[in-house]
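Student: Pasting a structure below so you can have a look.
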Amino acid sequence: MQSAVIPSRSPRLIAIGTATPPQKYTQTEILKIFNITNPKTRKIFSNSHIKSRHLCLPKPNPEGQRLQESQGDLLEKHKQIALEIGQSAIKKALEKAGLNPEDIDYISVVSTTGLLCPSLSALYIKEMGMRRNVQRIDIVGMGCNAGLNGLQPVVNFCALNPEAIGLLLCVEVCSAMYAIDDTLNAAVVNSLFGDGAGAAIVSGRAFLELSTGPKILGFSSHLITEAIDAIRLDWQATHYALYLDRQIPYLLGRNVKIPVDRLLDRFDRKRRDIQHWVIHSGGRKVIDSIKYALNITEHDVRHTTHILENYGNLSSASFLFSHERLLQEGVARKGESVIMMTMGPGSTIECCLGEF
1 MQSAVIPSRS
11 PRLIAIGTAT
21 PPQKYTQTEI
31 LKIFNITNPK
41 TRKIFSNSHI
51 KSRHLCLPKP
61 NPEGQRLQES
71 QGDLLEKHKQ
81 IALEIGQSAI
91 KKALEKAGLN
101 PEDIDYISVV
111 STTGLLCPSL
121 SALYIKEMGM
131 RRNVQRIDIV
141 GMGCNAGLNG
151 LQPVVNFCAL
161 NPEAIGLLLC
171 VEVCSAMYAI
181 DDTLNAAVVN
191 SLFGDGAGAA
201 IVSGRAFLEL
211 STGPKILGFS
221 SHLITEAIDA
231 IRLDWQATHY
241 ALYLDRQIPY
251 LLGRNVKIPV
261 DRLLDRFDRK
271 RRDIQHWVIH
281 SGGRKVIDSI
291 KYALNITEHD
301 VRHTTHILEN
311 YGNLSSASFL
321 FSHERLLQEG
331 VARKGESVIM
341 MTMGPGSTIE
351 CCLGEF
C-alpha cells in the first residue's frame, strides 16, 4: 500500500502552542499522595525516567484520602480540563501565527481520555467565537498515535484549499482515566501519563510561508495486526483501565523501519537524509527501541526525552510538545528534513515527512 502524498503545493506547519494544567507533581509526591508502599509499584515509578508531570488529581476527602472518582466525575473532569487547556493551546498557536479564532476554516480535535457528545470541536467553536461554518472532525479513541491521524485531514484540506487556515488540537486529560488500585498494570499506567494539549496551525497561504515550520510532504501508516490487543482500553465495571503489554517496545522496534522506509522511498530519500526526528514520548524503553532500530542518536531524540522527563507521556499531544521544542531551538535550516512519528493502539506506527 502506498503512503499518502500531499498535492504539489504542500501546506506548512505554521505555529505550535502547548498548555498544561497548573498542578505539577514529582513521582515521589504522587507516591506520597496516594500512600503507595508496595515495593514493586514504587520501583515502577522510580524507573520511569520521569521527573514530573502535570495532573489533575482527585481532591482529598476530610480524612485526607484521595479516592477513586466515579466514571461520571472522570468524564466531567475530561470535559472541563480539556476545554481549559485546549483553549489555552489554541490561543498560543494563533498568537504565534498572527491569527484570530475567526480565521480558522478547519479544525481537527484529537482525544482519547473521554467521550463527549456534542464533541469537543463544537464546544471550542462556541467558546472561542470561531465562525459557525468552520468544517470540523473529531478523532476519538485512537490513542497515542492519533496526533498524526488528526494532522492528515487538516493538511489535506489545506492542500485542496490553499488559502485556508487549518487547526489541529490534541488534548489529553490522562488523569481522567486514573485508576486507583493495587495492580501492577495500573502502576505502569499511573506512573507514565500526564495531562496536556498541543495545537498546530497549518496553511498554504503565501503570506505565512515565512514560518519556520516544515512543509508537510506525506504520511505513512503501519498496523501491527498480530499485536492488536497489546495496547487497549478495558471496561472494568466502574471505570476504564488501560492495558499495556510489556512487549510493546520490542514490537515497535521490530516494525518501525517499515513505515519510515516506505515513506522515504516515495520521496527518494534515505534515513541518513533526515536531520530531525520528532518521536512520541511513549516511555524510555519505547524511545530506546525506536532509536536502536533506526540507528539514530540520543541527540536525535533529545526533545522526545525532555518531554518524557518533564511531562510524562502526553498521549496524542506528545509529538507537538517535542516539535515545539525543535522550533524553539531554531536549528532547522531550509531544505532539511524531519520525520514525525507517533505510536499507539492497534498496534500502530504513524509517520509524517516534513521539509523546512
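Its first residue numbered 1, the sequence shown is counted upward by one per residue in UniProt numbering. The beta-carbon is built from N, C-alpha and C at its ideal position, and this holds for glycine as well.
For the beta strand (DSSP E) that residue 375 lies in, which residues bound it at each end?
Tutor: For the chain, the structure presents residues 1 to 356; residue 375 sits outside this window and is missing.
Student: Which residues does DSSP list as the beta-bridge partners of F356?
Tutor: Mapped onto the sequence shown, residue 356 falls at position 356. DSSP lists no partner for F356.
Student: If you draw a straight line from the C-alpha of F321 to the C-alpha of G198, how long is it?
Tutor: As a first step, residue 321 is located in the sequence shown; it is residue number 321 there, counting from the start. As a first step, residue 198 is located in the sequence shown; it is residue number 198 there, counting from the start. The alpha-carbon atoms of F321 and G198 are separated by roughly 6 Å.
Student: Taking the straight line between their C-alpha atoms, what separation do you get for I44 and L314?
Tutor: As a working mapping, residue 44 is identified with position 44 in the sequence shown. As a working mapping, residue 314 is identified with position 314 in the sequence shown. So the alpha carbons of these two residues sit roughly 18 Å apart.
Student: If L263 and S220 are in contact, beta carbons under 8 Å, what's the gap, nearest whole angstrom?
Tutor: For the purposes of this step, residue 263 is taken as the residue at position 263 of the sequence shown. For the purposes of this step, residue 220 is taken as the residue at position 220 of the sequence shown. That belief holds up - the Cβ atoms of L263 and S220 are roughly 4 Å apart, short of 8 Å.
Student: So the candidates are Y243, R266, K270 and V140; which of them puts its Cα closest to the Cα of N185?
Tutor: For this step, residue 185 is matched to residue 185 along the sequence shown. Considering only alpha carbons, the answer is Y243.
Student: Please name the residue in R9, G354, G213 and L115 whose C-alpha comes closest to that of I16.
Tutor: Locating residue 16 in the sequence shown gives position 16, counting from the first residue. Closest option to I16, Cα to Cα, is G213.
Student: Return the Cβ separation of V140 and S316 in integer angstroms, given the expectation that the two are a contact with Cβ distance under 8 Å.
Tutor: Working through the sequence shown from its first residue, we reach residue 140 at position 140. Working through the sequence shown from its first residue, we reach residue 316 at position 316. About 10 Å separates the two Cβ atoms, so there is no contact after all.
Student: Between L115, K96, M130 and K92, which lies nearest to I107 when the distance is taken from Cα to Cα?
Tutor: Position 107 of the sequence shown holds residue 107. Answer by Cα proximity: M130.
Student: Buried or exposed for V331, please, with buried defined as at least 16 other CB atoms from any protein chain shown within 10 angstroms of its CB.
Tutor: Here residue 331 is taken as the residue at index 331 of the sequence shown, counted from 1. Exposed, since its Cβ has fewer than 16 Cβ neighbours within 10 Å.
Student: Compute the Euclidean distance between the alpha carbons of G194 and N149, then round it to the nearest angstrom.
Tutor: Counted from its first residue, the sequence shown places residue 194 at position 194. Counted from its first residue, the sequence shown places residue 149 at position 149. Those two C-alpha atoms are separated by around 21 Å.
Student: Taking all protein chains shown into account, decide if C174 is buried (16 or more other Cβ within 10 angstroms of its Cβ) or exposed.
Tutor: As a first step, residue 174 must be located in the sequence shown, where it is residue number 174. Counting Cβ neighbours within 10 Å, C174 comes out buried, since at least 16 surround it.
Student: Evaluate E69 with the Cβ neighbour count: other Cβ atoms within 10 Å of its Cβ, from every protein chain shown; 16 or more gives buried, anything less gives exposed.
Tutor: For the purposes of this step, residue 69 is identified with residue 69 of the sequence shown, where counting begins at 1. It counts as buried.
Student: In three-state DSSP terms, what is K96?
Tutor: Residue numbering aside, residue 96 sits at position 96 when the sequence shown is read from its first letter. Of the three classes helix, strand and coil, the one that applies to K96 here is helix, per DSSP.
Student: Please state the DSSP three-state secondary structure of D103.
Tutor: Your numbering for residue 103 matches position 103 in the sequence shown. Looking at D103 - three-state DSSP - the assignment turns out to be helix.
Student: So which of L55, A93, D73 and L120 has the shortest CA-CA distance to A82?
Tutor: The residue labelled residue 82 in the question sits at position 82 within the sequence shown. The option with the nearest alpha carbon to A82 is L120.
Student: Which class does S111 belong to by DSSP, given the choice of helix, strand or coil?
Tutor: To locate residue 111, count along the sequence shown from 1; it is residue 111. Three-state DSSP puts S111 in a strand.
Student: Using alpha carbons as the reference points, say which of E355, A293, L115 and A179 lies closest to S191.
Tutor: Locating residue 191 in the sequence shown gives position 191, where the first residue counts as 1. When each option's Cα is compared against that of S191, the closest is A179.
Student: Figure out for me which residue from E76, G204 and L123 has the closest Cα to the Cα of G114.
Tutor: As a first step, residue 114 must be located in the sequence shown, where it is residue number 114. If we check each option's Cα against that of G114, E76 comes out closest.
Student: Go ahead and label E350 buried or exposed: buried means 16 or more other beta carbons lie within 10 angstroms of its beta carbon, across all protein chains shown.
Tutor: Position 350 of the sequence shown, counted from the first residue, corresponds to residue 350. Looking at its Cβ environment, which holds 16 or more other Cβ atoms inside 10 Å, E350 is buried.
Student: Do you know how far the Cα of I296 is from the Cα of T342?
Tutor: The sequence position of residue 342 within the sequence shown is 342, counting from 1. The sequence position of residue 296 within the sequence shown is 296, counting from 1. C-alpha separation (whole angstroms): 16 Å.
Student: Where does W277 land, buried or exposed, given buried means 16+ other C-beta within 10 angstroms?
Tutor: Taking the sequence shown and counting its residues from 1, the one referred to as residue 277 is at position 277. Answer is buried; the Cβ neighbour count reaches 16.
Student: Anyone know if the C-beta pair for R66 and F34 falls short of 8 Å?
Tutor: Mapped onto the sequence shown, residue 66 falls at position 66. Mapped onto the sequence shown, residue 34 falls at position 34. Closer than 8 Å, so yes.
Student: By how many angstroms is the C-alpha of K270 removed from the C-alpha of M1?
Tutor: Position 1 of the sequence shown holds residue 1. Position 270 of the sequence shown holds residue 270. Caution is warranted here: a pLDDT of 45 is assigned to M1, below 50, making its placement in the model unreliable, and no coordinate value can be reported.
Student: Just to confirm, are I274 and S337 a CB contact at a threshold of 8 Å?
Tutor: Taking the first residue of the sequence shown as 1, we reach residue 274 at position 274. Taking the first residue of the sequence shown as 1, we reach residue 337 at position 337. Cβ distance < 8 Å, so I274 and S337 count as in contact.
Student: Which residues bound the beta strand (DSSP E) around G147?
Tutor: In the sequence shown, residue 147 corresponds to position 147, counting from 1. Element bounds for G147: not the beta strand (DSSP E) but the alpha helix (DSSP H), A146 to L160.
Student: What distance in whole Å lies between the Cβ atoms of I287 and T305, which are believed to be in contact at a cut-off of 8 Å?
Tutor: Counting from one through the sequence shown, the residue named residue 305 turns up at place 305. Counting from one through the sequence shown, the residue named residue 287 turns up at place 287. That belief holds up - the Cβ atoms of T305 and I287 are roughly 6 Å apart, short of 8 Å.
Student: Give, in chain order, every unbroken run of the alpha helix (DSSP H) that is at least 4 residues long and sits entirely within the UniProt domain "Chalcone/stilbene synthase C-terminal" (231-352).
Tutor: Runs found: 248-255, 257-266, 284-294, 302-311 and 318-329.
Student: At which residue ranges does the region 28-106 contain complete beta strand (DSSP E) runs of 3 or more residues, listed in the order of the chain?
Tutor: The qualifying runs are 52-54.
Student: For L169, which three-state DSSP category applies?
Tutor: Working through the sequence shown from its first residue, we reach residue 169 at position 169. DSSP places L169 in strand when its eight states are reduced to three.
Student: If we ignore side chains and look at the alpha-carbon of each, how far apart do G283 and I165 end up?
Tutor: As a position in the sequence shown, residue 283 is number 283, starting the count at 1. As a position in the sequence shown, residue 165 is number 165, starting the count at 1. If you take the alpha carbons of G283 and I165, they lie about 33 Å apart.
Student: Checking 8 Å against the spacing of the C-beta atoms, do N133 and G344 come in under that value?
Tutor: By 1-based counting over the sequence shown, the position of residue 133 is 133. By 1-based counting over the sequence shown, the position of residue 344 is 344. Cβ distance not < 8 Å, so N133 and G344 don't count as in contact.
Student: If you follow the alpha helix (DSSP H) that S121 is part of, which residue opens it and which one closes it?
Tutor: Taking the sequence shown and counting its residues from 1, the one referred to as residue 121 is at position 121. Its alpha helix (DSSP H) spans residues L120 to M128.
Student: Excluding five sequence neighbours on each side, which residues of the same chain lie with their C-beta closer than 6 Å to the C-beta of D105?
Tutor: By one-based count along the sequence shown, residue 105 stands at place 105. Excluding sequence neighbours, D105 sits near A164 and I165.
Student: Tell me the rounded alpha-carbon separation between A241 and E63.
Tutor: Taking the first residue of the sequence shown as 1, we reach residue 241 at position 241. Taking the first residue of the sequence shown as 1, we reach residue 63 at position 63. The straight-line gap from Cα to Cα measures roughly 26 Å.
Student: Please state the DSSP three-state secondary structure of S175.
Tutor: For the purposes of this step, residue 175 is taken as residue 175 along the sequence shown, with counting starting at 1. Of the three classes helix, strand and coil, the one that applies to S175 here is helix, per DSSP.
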